[in-house]
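Worksheet for the structure shown next.
Numbering (the UniProt record's numbering), first residue to last: 1 to 93.
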């Protein structure tokens, strides 16, 4: 959880993000309004947690501290899917 918080903080500050493969990714510079920045931050948090191993959508939702319905809505909103990062499919709830 600490790594996720650090990644989110670095993203919010526009610093390089260390990815699991050792690559660094430059976060886009802060721009747009507050809602745009919040959406970018939210997407980065979810994407970072998706990169971690989870056996189900339920465990992913618990790690993020949100209800499953909220997680499903946010995944759809940000164009992310649970199965893309090597995790189980949505059927494993």
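The beta-carbon is built from N, C-alpha and C at its ideal position, and this holds for glycine as well.
The model shown is predicted, which means the values in this text are computed figures rather than measured ones.
- For residue 47, the enclosing alpha helix (DSSP H) stretches over residues 34-50.
- Here the C-alpha atom of residue 77 lies approximately 14 Å from the C-alpha atom of residue 35.
- In this structure, DSSP gives residue 57 a helical state, which the three-state scheme calls helix.
- For residue 81, no alpha helix (DSSP H) encloses it, and the DSSP letter there is neither H nor E.
- Between residue 40 and residue 11, the C-beta spacing is below 9 Å.
- Contact between residue 49 and residue 60 holds, with the beta-carbon distance rounding to 6 Å and staying under 8 Å.
- Here residue 51 is actually not in contact with residue 8; their C-beta atoms are around 13 Å apart, not less than 8 Å.
- Non-local beta-carbon contacts of residue 64 in its own chain, meaning distances under 6 Å to residues more than five positions away in sequence, involve 49 in chain order.
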